[in-house]
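K.L.:
One structure follows; several queries about it will come next.
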Amino acid sequence: MSNTHARLIYMANQIARNFSALDHEAAAMATADHIQQFWDPRMKAGISGDEPDLSPVAARAFVILRTEGEPPPQTRATVFNPVDEGGRSDAG
Amino acid sequence: MGYAKQPDFGTPEVRSDRTVTLSIDGREVTVPEGTSVMRAAAEIGGDIPKLCATDMVKSFGSCRLCLVEVEGMRGTPASCTTPVTEGMVVKTQTPRLEKLRRGVMELYISDHPLDCLTCSANNDCELQDAAADVGLRDVRYGYDGAHHLGQAPDVSNPYFLFAPDKCIVCSRCVRACDEVQGTLALTVDGRGFASKISAGTTEDDFLSSECVSCGACVQACPTSALMEKSVKEHGKPERSVVTTCAYCGVGCTFRAEMRGEQLVRMVPWKEGKANRGHSCVKGRFAWGYANHKDRITSPMIRDSIDEPWREVSWAEAISYAAGRLKDIRAEHGARALGGITSSRCTNEETFLVQKLVRGGFGSNNVDTCARVCHSPTGYGLKTTFGTSAGTQDFDSVEHSDVILVIGANPTDAHPVFASRMKRRLRQGAKLIVIDPRRIDLVRSPHIEAAHHLPLQPGTNVAVLTAMAHVIVTEGLVDAKFVQERCEVDAFEDWARFVSDESHSPERLEPVTRVPAEELRAAARLFATGGNGAIYYGLGVTEHSQGSSTVMAIANLAMATGNIGRPGVGVNPLRGQNNVQGACDMGSFPHELSGYRHISDAETRALFEQDWGVTLDAEPGLRINNMLDAACDGTFRAIYIQGEDILQSDPDTKHVAAGLEAMDCVIVHDLFLNETANYAHVFLPGSTFLEKDGTFTNAERRIQPVRRVMDPANGYEDWQVTQLLANAMGLGWDYGHPSEILAEIARLTPTFAGVTWERLCAVGSLQWPVNEANPDGAPVMHIDGFVRGKGHFVVTEYVPTDEKTGPRFPLLLTTGRILSHYNVGAQTRRTANTAWHPEDLLEMHPVDAENRGLKDGDWARLASRKGETTLRVKVTERVAPGVVYTTFHHPETQANVVTTDYSDWATNCPEYKVTAVQVAPSNGPTDWQEDYADLSERSRRISHEPAE
Ligand code: SF4
Ligand code: SF4
Ligand code: SF4
Ligand code: FES
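Residue numbers (numbering that gives the first Met the number 0), protein chains in the order written: chain A, 0 to 91; chain B, 0 to 946.
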């Protein structure tokens, strides 16, 4: 196992841990969404989902990514706002 | 452009809704109520002679030169201290006034050396002007009596001198230091004739005093008593150009005052809306690095990092670089290439680098140094509010009643904003500081924090959740705001979460080490004390829970209704000058300019059409992932503009290994920085004085940067990127940064209304500038959040995995200080080293004594990652168990010890928490010695002509 592989597992577990206030399935969905939005393809491909070191939430997140395609946004980090609508802007 | 001094209206501007109309010398003038007669006269072009008044500070009324006659008033009142009244009739010039003024002037001049012709202030001296204005021809007292002539000047400050014999004791400097800077370093000692200006130390010189060298007193001084040394050296300026400071995120604007191609001095621009005429030592004085001997101005290449550098022409360097990039792409694919944009460069330059990477290299592997500072702000504020930006302008602080500073040290890192904050605090606003160190703000002249919560590093989320617990369980939530403005379901989830007894201050005290009662009191004050504003810095973001802390801050602001009007808000204090801009410009691997995700097909189509390319729909690698991928062999070439990742990024050895593994490292910088030790191509960069463009400060304020001299290297940085792009076949033809800005505006809705011409006309604009906000937006989220309803996020406290233990019992936290900037590449090459020649390790007396260490001793600082040596400074500023250092000097390499732990959401490194041990030492570590060797070897430049 390369250093990078160990690091990716650590990162996935860390993301999952920060969603631990949600229930199991919601936390897995949020973790999957986060990885989908922020990881480069080779990082996503770097984890199979079967690694014993993955936490249950993180492992489930990879199952979701593999089998169910792109998860619906959970963290809202990806909701885009209508441009220039009602005194607001997409303002990033 | 000719040279004219900035106008001085004599007394500060007064803001009032009511106006007063009066007559001055037969002319009618209407001004805000409370304005002085002097200022009213200046508004209509009048020029009442003055010496002790200046519009930087409140009037004082001591020199009696500005006398006027007012109908119906006895005597001759001083116009600087007399407020206007309705219907007042003022005369500023009468035979009686002339005589009185001449008498006053005569006294001043009789105690002043008359070496005007050789004085550095000649023709730039208000005493000289005033003497001419009052028509002084001769001095009846002679120069034989007691006088102050012949006193030696104080030249201790590297940038300005104090010549007591030129001083007229007008106390403008004293008042500027008090009112503008808030340092209170100067006093008037003695009385009457014996009075003199003193820096108040035993040596009584400026360098050893409390003075922070902001320059406000120099600016205020009417004579050459306080004067920039550079004016003495180069002579009086003959033209001036307004530009923006390239150091920190405050974004002060300056007049670069020039003589030919020589920069004589930088003077804060009074009309600048970020700094309002103030500055700090860096922007005001520390610009000498532009001409430092270390600056590299010829391109250089080498096939391997073991070889010396070879100076080559621009054409050869560019074609070599492009050739290697193309070869690597052909062999390993586009995703093996990437780039890093710089927060020190302009918006236009940053935009072009990410365009080159995405559109030219063909990958989204672009990142920026905000990764290591404010990426959690991007994630956290976007999630809760819908936008990655501070909500306020700096003026907002003038309306705050309670100011909460968390993980920021504004007096050192954002000094000009700190001065404004301090002014508000002196007026009575309450202060809460959450910081492991007792930063200066906690107690400084006339300021004392109502609450200082000295938390254990790494427990921000726990402390903020405990504050939320108090606010929710004690019924202090602004229910109306939450109902109207926020998603109620999410609020209720959050309220339930924080109300849990496990989040009470009492239960969390063992973790946070913050006394529960103090925390409760701080929470109550924040929720009930009126307008509450939160300011935060890297002490929030650079943690494994950086993003969670930003969201916890946003939760707190929403729960207390502190969003959407002046005086409140969530304000990230940005580190580098253009961090905001670099993020806005699409420097992150997952988003295009304006924070639009790369997976969004509609946004991508917009860019693809404009650029005529196809974009990768997948996010690219972040800096640390690039380095991992490099070690694995899947990432092989990088173009780094204006960043020194080897010194600034954590876990130096890992960075070095990553860089070393790459086939082509292109560094584009002013100096052979540390990263360049691993580079194959060095492209010389240009300074902010040598280019046009824009910077965006922490208030989202877009400001012009202007070229005042030709680039020493021959090209502005955007031109170099364009050369590289064209060598890769992209066919760009930008003639001026204004054309790049037009492209940014075309492709970025928040910049829609921004043009170079408009910026030049109005000075600055705060984005969003669009149809809804045609003149920009000083305060955001007024009627609704950018995302619609505010979103509360449950922030579970997850302790960092970096734990202290028997081998590494202390917690190291890092930061920076006033006189230096980031890795110090610029400031170390200026006289600012007078204040901070080396990085020091701050340590509590108890910890020091346990280890047999005294102030000034060498110590070995070791973590699980590595070790370094530096000198110890024993101080109670840090709590027992915590040590602190800066990272300004490459010799120290503080990042050899920092770990690769990082924020869960953004991978922003956890600089602020490293478990360490400290022990006495007698010299540099092996790594330091090896590195010094490598550094020397890899900086060799061969001057042999290439065969
Ligand atoms: S040093 Fe300058 S500003 Fe200060 S009292 Fe003397 S003349 Fe006035
Ligand atoms: S330079 Fe600034 S801090 Fe120093 S004495 Fe002058 S006003 Fe005060
Ligand atoms: S470093 Fe910051 S505070 Fe100092 S002058 Fe520059 S922008 Fe202003
Ligand atoms: S300028 Fe008014 S008293 Fe000095």
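In this text, a Cβ means the ideal position worked out from N, Cα and C, and glycines have one as well.
Counting only beta-carbon separations shorter than 9 Å, does threonine 74/A have a partner in chain B?
P.N.:
Confidence is the limiting factor: at threonine 74/A the pLDDT is only 44, short of 50, which leaves the residue's position unreliable, though a coordinate-based value still follows. Yes, because at least one Cβ of chain B sits closer than 9 Å to the Cβ of threonine 74/A.
K.L.:
Start and end of the beta strand (DSSP E) containing proline 919/B?
P.N.:
Here the beta strand (DSSP E) through proline 919/B covers 913 to 919.
K.L.:
Chain A partners of proline 618/B, CB-CB under 8 Å?
P.N.:
What proline 618/B touches in chain A: Gln36, Phe37, Trp38, Asp39.
K.L.:
From this set, Gly855/B, Phe587/B, Gly787/B, which residue's C-alpha is nearest threonine 383/B's C-alpha?
P.N.:
That would be Gly787/B, whose Cα lies nearest to the Cα of threonine 383/B.
K.L.:
Measuring straight from C-alpha to C-alpha, what distance separates leucine 336/B and leucine 729/B?
P.N.:
Taking the straight line joining both Cα atoms gives about 16 Å.
K.L.:
When you check each C-beta in the region 12 to 30 of chain A against every C-beta of chain D, which residues fall closer than 7 Å?
P.N.:
Of the chains in the structure shown, none is chain D; the protein chains are A and B.
K.L.:
Who are the neighbours of arginine 6/A on chain B, taking C-beta pairs under 8 Å?
P.N.:
Simply Asp627, Asp899.
K.L.:
Under a Cβ-count criterion, where at least 16 other Cβ atoms within 10 Å of its own Cβ denotes burial, should threonine 18/B be classed as buried or exposed?
P.N.:
Result: exposed.
K.L.:
Would you say glycine 86/A faces chain B, with C-beta separation under 9 Å as the test?
P.N.:
Below a pLDDT of 50, predicted positions are generally treated as unreliable, and glycine 86/A, at 27, falls in that range; no measurement from the model is reported.
K.L.:
What would DSSP say about alanine 11/A, mapped onto helix, strand or coil?
P.N.:
Of the three classes helix, strand and coil, the one that applies to alanine 11/A here is helix, per DSSP.
K.L.:
Assuming alanine 39/B and leucine 21/B form a contact by the criterion Cβ under 8 Å, report the distance between their Cβ atoms to the nearest whole angstrom.
P.N.:
7 Å between Cβ atoms; contact.
K.L.:
From this set, Ser170/B, Ala151/B, Asn156/B, which residue's C-alpha is nearest alanine 162/B's C-alpha?
P.N.:
Of the candidates Ser170/B, Ala151/B, Asn156/B, the one whose C-alpha sits nearest the C-alpha of alanine 162/B is Ala151/B.
K.L.:
Can you find the residues in the same chain that come closer than 6 Å, C-beta to C-beta, to cysteine 372/B, ignoring five residues on each side of it along the sequence?
P.N.:
These residues qualify, in order along the chain: Leu537, Gly574.
K.L.:
Could you say which of Thr885/B, Lys292/B, Gly762/B, Ala388/B lies nearest to histidine 780/B if we only look at CA atoms?
P.N.:
Considering only alpha carbons, the answer is Ala388/B.
K.L.:
If you draw a straight line from the alpha carbon of cysteine 12/B to that of phenylalanine 750/B, how long is it in whole angstroms?
P.N.:
Contrary to the premise, residue 12/B reads as glutamate rather than cysteine in this sequence. Distance between the alpha carbons of glutamate 12/B and phenylalanine 750/B is about 31 Å.
K.L.:
Please state whether the Cβ-Cβ distance between serine 586/B and proline 618/B is less than 9 Å.
P.N.:
Taking 9 Å as the Cβ cut-off, serine 586/B and proline 618/B do not qualify as a contacting pair.
K.L.:
Applying the criterion that 16 or more other CB atoms from any shown protein chain within 10 Å of the CB defines a buried residue, is serine 35/B buried or exposed?
P.N.:
Buried, since its Cβ has 16 or more Cβ neighbours within 10 Å.
K.L.:
Flag this pair as touching only if the region 441 to 449 of chain B and the region 502 to 509 of chain B have three or more C-beta atom pairs under 8 Å; answer yes or no.
P.N.:
Short answer: they don't touch.
K.L.:
By Cβ distance below 6 Å, which residues in the same chain neighbour glutamate 715/B in space, the five residues on each side in sequence not counted?
P.N.:
Closer than 6 Å at the Cβ level, and outside the excluded window around glutamate 715/B, lie Ser685, Lys690.
K.L.:
State the CB to CB distance for the pair glutamate 841/B and arginine 806/B, rounded to an integer number of angstroms; the pair is presumed to be in contact (CB under 8 Å).
P.N.:
Not really, about 21 Å apart at Cβ, beyond 8 Å.
K.L.:
Please indicate yes or no: does the CB of leucine 764/B lie closer than 8 Å to some heavy atom of ligand 4?
P.N.:
Not so, every heavy atom of ligand 4 lies at least 8 Å from the Cβ.
K.L.:
How far does the alpha helix (DSSP H) with phenylalanine 350/B in it extend, from its first residue to its last?
P.N.:
That run of the alpha helix (DSSP H) goes 346 to 354.
K.L.:
Whose C-alpha, out of Leu113/B, Val539/B, Val471/B, Arg357/B, is nearest the C-alpha of alanine 494/B?
P.N.:
Nearest C-alpha to alanine 494/B: Val471/B.
K.L.:
Would alanine 556/B count as contacting chain A if we go by Cβ distances under 9 Å?
P.N.:
By this cut-off, alanine 556/B is not an interface position.
K.L.:
Taking CB distances under 9 Å as the criterion, tell me whether glutamine 765/B reaches chain A.
P.N.:
So, not an interface residue.
K.L.:
Rounded to a whole number of angstroms, what is the C-alpha to C-alpha distance between aspartate 854/B and lysine 872/B?
P.N.:
Looking at the two C-alpha atoms, the distance is approximately 5 Å.
K.L.:
Hey, out of Gln218/B, Thr222/B, Leu183/B, whose CA is closest to serine 208/B's CA?
P.N.:
Considering only alpha carbons, the answer is Leu183/B.
K.L.:
Mind checking if threonine 3/A is an interface residue toward chain B, Cβ cutoff 9 Å exclusive?
P.N.:
It does: the Cβ of threonine 3/A has a partner Cβ on chain B nearer than 9 Å.
K.L.:
Any beta-carbon of chain A closer than 9 Å to the one on tryptophan 755/B?
P.N.:
Not an interface residue.
K.L.:
Return the residues of the region 776 to 810 of chain B that lie within a Cβ-Cβ distance of less than 9 Å from chain A, sorted by chain order.
P.N.:
Answer in chain order: Ala776, Met779, His780, Ile781, Asp782, Gly783, Phe784, Val785, Arg786, Gly787, His790, Val792, Val793, Thr794, Glu795, Val797, Asp800.
K.L.:
What first and last residue would you give for the alpha helix (DSSP H) that runs through glycine 538/B?
P.N.:
Looking at the DSSP string, the run of the alpha helix (DSSP H) that includes glycine 538/B is 537 to 540.
K.L.:
Could you tell me which residues DSSP puts in a beta bridge with histidine 450/B?
P.N.:
For histidine 450/B, which the question treats as bridged, DSSP gives the partners Ile431/B.
K.L.:
Kindly give me the distance between the Cβ atoms of alanine 861/B and valine 792/B, rounded to whole angstroms, as I take these residues to be in contact under 8 Å.
P.N.:
Wrong, their Cβ atoms sit about 37 Å apart, outside the cutoff.
K.L.:
With H, G and I counted as helix, E and B as strand and the rest as coil, what does DSSP make of tryptophan 286/B?
P.N.:
DSSP places tryptophan 286/B in coil when its eight states are reduced to three.
K.L.:
Indicate, with yes or no, if ligand 3 has a heavy atom lying under 8 Å from the CB of phenylalanine 393/B.
P.N.:
False, no ligand heavy atom lies under 8 Å from that Cβ.
K.L.:
Give the DSSP-derived three-state secondary structure of valine 179/B in the structure shown.
P.N.:
Looking at valine 179/B - three-state DSSP - the assignment turns out to be helix.
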